[in-house]
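**Student:** One structure follows; several queries about it will come next.
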Amino acid sequence: MVVPVPVTTGKKPASSKSKAQVRIRGGNITSGLVTDQGQRIGIYGSGGIGKTELCANLKKVGINPLFIDLDQGSLGLDVDRISTDSVDSAVLTFDFIRSVLQDNVLLEPYDAIVIDTFTKLEEVIGQHVIQTVRHEKAGRTVRSLEDYGFGKGLMHVFEHALLILQDLDALARKGKHVVLICHQCSEKVPSAESDDYLEWQPRLQSPSKTAKLRERVFEWCSHFFRIDHDRMVSDGKAMTGDSRSIHTVRTTTAWAKHRAMASGATFPETIPFGKDSIELWMLMFKKESGV
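So the sequence shown is numbered by my numbering: it starts at 22 and just counts up by one.
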């Protein structure tokens with residue numbers, strides 16, 4: 022059914038900062054900055070680089086985070102985390118994680134939800150799929166994702182991961198910030214103009230044709246930052262130093278991005294990340310921090 026176009030009045034369009042609203046069937050046409058939704062943030066880097074540490078520092082700018090700590094990376098940090106009651110396993114289940122994400126009463130005191138890590142969550146989803154999704158041929162036993170047939174197991178994981186993103190979308194619309202931590206991998210990228218090259222990317226499944234969870238999560242996030250050690254050149258050779266930086270833009274060697282913020286905050290290409298650093302969060306949440 023074609024939705025009729027609203028009749029214009031000939032008046033001057035509303036300012037981009039106004040709260041003008043036009044009703045249409047099934048929704049609204051609105052103008053102005055959207056300031057009541059949470060930020061969708063991705064962070065990745067090598068093991069031990071400081072991803073969890075960075076997210077724990079959200080408290081220093083007045084953002085109270087709740088960690089869904091699947092990698093147990095926050096145990097040495099003073100943060101609130103979701104843990105399992107089981108004495109046999111520290112792994113949270115897919116259904117339990119979804120129940121947490123949908124529990125408005127539980128999440129009400131928190132300003133941000135941190136999934137640490139989405140890389141581990143992908144493994145949890147895979148185990149859930151094996152346990153609950155039957156083979157399309159009756160009687161076939163499923164012990165691994167490969168048992169579903171070529172690419173079908175990965176597609177099941179992709180579809181279940183979309184349910185998690187759906188839950189997180191609902192939280193962001195309610196004003197909760199969402200942070201997805203990922204581990205890092207290198208991927209060989211084909212080039213039509215030069216030799217193939219390696220690129221740093223978040224470590225999530227990315228098969229050749231479909232079920233590309235890595236790309237989907239990267240697209241879903243409004244910002245995706247990479248933490249890395251700074252490099253210096255000595256005697257014509259690149260060397261890794263002890264200092265760290267947060268990268269905010271994509272290069273030919275690594276994924277990263279940021280989008281415009283309603284606050285007008287602008288991002289430099291790299292942000293220094295020293296011990297207890299809050300420079301990134303001050304840039305993003307200065308108004309909320311009250312600092």
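C-beta atoms are modelled at their ideal positions from N, C-alpha and C, and glycine is treated no differently. Since the structure is predicted, the reported quantities are computational estimates derived from the model, not experimental observations.
1. Using three-state DSSP, classify F66 as helix, strand or coil.
2. Let me check understanding here. Comparing Cα to Cα, which of S165, A193, T272 lies closest to T56?
3. Below 8 Å on the Cβ atoms is my contact criterion, and I expect I84 with V135 to pass it. Report the Cβ-Cβ distance as a whole number of Å.
4. Is the beta carbon of S298 closer than 8 Å to that of N78?
5. For F288, tell me which candidate among T272, K296, I267, A275 has the shortest Cα-Cα distance.
6. Ignore the nearest five residues each way along the sequence and tell me which others in S227's own chain have a CB closer than 6 Å to its CB.
7. Hey, is L304 close to the ligand PLP, as in C-beta under 7 Å from one of its heavy atoms?
8. Excluding the 5 residues flanking L301 on each side, which residues of the same chain have their C-beta closer than 8 Å to its C-beta?
9. Just grab the DSSP bridge partners of D249 for me.
10. Considering only residues of the same chain and omitting the five flanking positions on each side of G59, which have a CB-CB separation below 7 Å?
11. Do you know how far the Cα of V145 is from the Cα of V100?
12. Would you call the stretch 137–157 and the stretch 86–105 in contact, with 3 or more CB pairs under 8 Å?
13. Looking only at its own chain, which residues have a Cβ that is under 6 Å from the Cβ of F88, when we skip the five neighbours before and after it?
14. Can you tell me whether V108 is helix, strand or coil according to DSSP?
15. Cα separation between A213 and M303?
16. Go through its chain and collect everything with a Cβ distance to A182's Cβ below 6 Å, but skip five positions before and after it.
17. Grouping DSSP H, G and I as helix and E and B as strand, with all else coil, what is L304?
18. Measuring alpha carbon to alpha carbon, tell me which of D132, H177, G71 ends up nearest G97.
19. Short of 8 Å in beta carbon distance, which residues of its chain neighbour D188, apart from the five on each side in sequence? Order them along the chain.
20. Is DSSP giving W221 helix, strand or coil here?
21. Does the beta-carbon of E143 have 16 or more other beta-carbons within 10 angstroms, so that it is buried, or is it exposed?
22. Which complete beta strand (DSSP E) runs does the stretch 128–177 hold, if anything under 3 residues is left out?
23. Cβ atoms of L219 and S207: under 8 Å apart, would you say?
24. Between the Cα of T269 and the Cα atoms of G66, L113, K307, which residue gives the shortest distance?
**Tutor:** Concretely, from the data shown:
1. For the record, residue 66 in the displayed sequence is Gly; it is not Phe. Looking at G66 - three-state DSSP - the assignment turns out to be coil, as it is neither helix nor strand.
2. A193
3. Going by Cβ atoms, the distance from I84 to V135 rounds to 10 Å, so no, they are not a contact pair.
4. yes
5. I267
6. K233, R235.
7. For the ligand PLP, the structure offers nothing, since it holds no ligand at all.
8. Cβ within range, chain order: L75, F246, I267, I292, F294.
9. S266
10. L192, A193, G196, K197, H198, V199
11. 23 Å
12. yes
13. S95, V100, R102, V135, D137
14. Bear in mind that a pLDDT of 46 at V108, under 50, signals an unreliable position, so the number given afterwards is only what the model happens to contain. DSSP places V108 in coil when its eight states are reduced to three.
15. If I take the Cα positions, the gap works out to 41 Å.
16. I146, L234
17. helix
18. G71
19. R119, L122, Q123
20. strand
21. buried
22. 133–137
23. Yes, the Cβ-Cβ distance between S207 and L219 is below 8 Å.
24. Ranking G66, L113, K307 by CA distance to the CA of T269 puts G66 first.
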